[in-house]
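Report on one structure; see the data block that follows.
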Amino acid sequence: MKYWLALILALQFALSAHAGEATPLAEDPVVEQRMIAISEELRCLVCQNESLAGSRADLAQDLRRELRTLVKANKSDAQIKEYLVSRYGDFVLYRPPFKPLTWMLWVGPFLLLIAAIVVLVRLVRRSQRSAAPAALDPDQRKKAQSLLQDTETPS
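Taking the working numbering, the leading residue of the sequence shown gets 5, the next gets one more, and so forth.
Shown next, in the form of structure tokens:
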């Protein structure tokens with residue numbers, strides 16, 4: 005019995021020691037909602053496939069803290085995004101702008117789709133051509149007719 009009690013107490017202390025602090029919300033709920041809306045449109049630089057709002061990385065927490073201060077400083081959404089792009093590049097945006105550096109990012113998937121369709125059409129046409137019966141030359145035709153006549157006459 006003492007063993008189980010000691011084990012439960014040890015687990016309790018281990019779990020409470022592992023618990024993290026809750027991230028503080030802004031004093032103003034409007035500021036917090038705006039910060040969350042902006043951070044949903046930004047990519048976590050560590051996780052890469054998560055939004056800044058959903059990431060638990062330390063850098064994401066620092067960026068959210070920075071976003072909160074920018075929102076409190078009455079910066080517009082465009083100014084905040086421009087500031088982050090100047091520091092981290094277009095990669096921080098989930099929807100990067102359409103400019104020469106990002107053309108392939110926007111147009112690339114469509115070009116790959118068109119190329120795949122062209123290759124598929126060529127393969128289908130080539131297989132249809134090879135599946136078509138070849139014309140017989142006159143010698144082969146005579147031989148085929150003689151074989152057909154031999155099978156038609158009963159022996």
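From the three backbone atoms N, C-alpha and C, an ideal C-beta is built for every residue, glycine too. Given the structure is predicted, the values throughout are model-derived calculations rather than measurements.
State the CB to CB distance for the pair residue i and residue j, rounded to an integer number of angstroms; the pair is presumed to be in contact (CB under 8 angstroms).
i	j	result
L49	R68	L49 to R68, Cβ: 12 angstroms. No contact.
C51	A41	Rounded, the Cβ-Cβ distance is 19 angstroms, inconsistent with contact.
Should residue i and residue j be called a contact, given that it needs their Cβ atoms to be closer than 7 angstroms?
i	j	result
K76	V35	yes
L105	V96	no
S43	L71	yes
Quick check on residue i: does DSSP put it in helix, strand or coil?
i	result
S43	helix
S80	coil
L97	strand
S59	coil
A14	helix
A148	helix
Q132	helix
V50	coil
K103	coil
L140	coil
Could you tell me the alpha carbon to alpha carbon distance between residue i and residue j, rounded to whole angstroms?
i	j	result
R133	L46	52 angstroms
R38	Q65	16 angstroms
Count the C-beta pairs between the segment 125–142 and the segment 80–87 that are closer than 8 angstroms, then say yes if the count reaches three, no if not. no
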